């Protein structure tokens, strides 16, 4: 009988010891500092090239009209997006549908910005198709604005020496008086006020003309 009591007492002591150890472990886990998840800072909006933006908007244009063809494209400089050679924070393309006899303008913007610009790709109101508009297929846009800018800069060395901080924007359309689809690299705020612009063939990359 004494032996049984002794064994029971020893078993209770063992259980008590195990319980104390378990509580200590749990307490240690509770007191351990929680690891804070490191959140990466939001990525700054990036300027994109004309060809990239054109392809992005062409997908939306095809959803509007499977026979969509390009009419013109222009860059939209944004103060909110860091400028890079041959790139812009926003772009706008006008497409035409011969079957609908309508045009529709699409916009891509890297951020929400003044001038009713919204982040992403979206379409605007439709308008009637002017029969005098000269249209071009997406396949004709083989040269990107980064390459067009490089060519324009090489042809504008003296101008850039005088005006190294000149703003630049891009226009894409069929060049008047020819069958060439051209990037017009405009040095200045607007076409009307620009004193220097360079035309580069958007299909071959060939230098076409400098206009003062």
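In my numbering, the protein residues as written are -9 to 202.
C-beta atoms are modelled at their ideal positions from N, C-alpha and C, and glycine is treated no differently.
Remember, predicted model here, so these are calculated numbers, not experimental data.
Quick check on the DSSP output: what are the complete beta strand (DSSP E) runs of length 3 or more inside the segment 49 to 103, in order along the chain? 59 to 66, 80 to 87 and 92 to 99
Member of 38, 60, 195 and 35 whose CA lies at the smallest distance from the CA of residue 84: 60
Where do the N-terminal and C-terminal ends of the beta strand (DSSP E) with residue 30 fall, by residue? Note, residue 30: premise wrong, no beta strand (DSSP E); not H, not E.
Taking the alpha-carbon of residue 33 as reference, which of 71, 67 and 186 has the nearest alpha-carbon? 71
Where are the alpha helix (DSSP H) runs, 4 residues long or more, that stay fully inside the segment 124 to 170, in chain order? 135 to 144 and 147 to 152
Where does residue 186 fall in DSSP's three states? DSSP places residue 186 in strand when its eight states are reduced to three.
Figure out for me which residue from 69, 92, 82 and 173 has the closest Cα to the Cα of residue 136. Ranking the options by Cα distance to residue 136, first place goes to 173.
Does DSSP classify residue 41 as helix, strand or coil? helix
Status (buried if at least 16 other CB within 10 Å, exposed otherwise) for residue 94: buried
By DSSP, does residue 12 sit in helix, in strand, or in coil? Unreliable positioning characterises residue 12 in this predicted model, as indicated by a pLDDT of 46, which lies under 50. The coordinate reading is nonetheless provided below. Helix.
CB contact flag (residue 162, residue 64, <9 Å): yes
Residue interval of the beta strand (DSSP E) (run including residue 111): 110 to 118
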